[in-house]
Amino acid sequence: MWELKLKMPNLCTSYIPFLADIEKMGLFRKHLANFSPNSKATTSFKALWNEVKKKSTIFK
Numbered sequence: 001m002w003e004l005k006l007k008m009p010n011l012c013t014s015y016i017p018f019l020a021d022i023e024k025m026g027l028f029r030k031h032l033a034n035f036s037p038n039s040k041a042t043t044s045f046k047a048l049w050n051e052v053k054k055k056s057t058i059f060k
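Residues in the sequence shown are numbered from 1 upward in steps of one, following our numbering.
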């Protein structure tokens, strides 16, 4: 992973872990933040999107 980070310095460091809450989105047919707003999974998605927005020129 660190080799990839050296080759691609703009690579995001946030990641989405494998968690049951993510799988439950299909069962509940709702966005994760709607049925589990304070979960680790929701926090992970928010962190990734914040990092994408910060690194992207599209949102500026």
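All residues carry an ideal CB built from backbone N, CA and C; glycine is no exception. Just so you know, these numbers come straight off a predicted model, no measurement behind them.
Using the Cα positions of residue i and residue j, report the straight-line distance between them to the nearest angstrom.
i   : j   : result
A20 : G26 : 11 Å
S44 : Y15 : 7 Å
K53 : F35 : 24 Å
E3  : R29 : 38 Å
K5  : I22 : 26 Å
P37 : E51 : 19 Å
Specify, as a first and last residue, the run of the alpha helix (DSSP H) that residue i falls within.
i   : result
T13 : Looking at the DSSP string, T13 is not in any alpha helix (DSSP H), and its letter there is neither H nor E.
Please classify residue i as buried or exposed, where buried requires at least 16 other C-beta atoms within 10 Å of its C-beta.
i   : result
T13 : exposed
T57 : exposed
Taking 8 Å as the CB-CB cut-off, is residue i touching chain B?
i  : result
L6 : Annotation note: the requested chain B is absent from the structure, which comprises a single protein chain.
Would you list, in sequence order, the uninterrupted alpha helix (DSSP H) runs of no fewer than 4 residues that lie entirely inside the segment 17-46? 20-28 and 32-35
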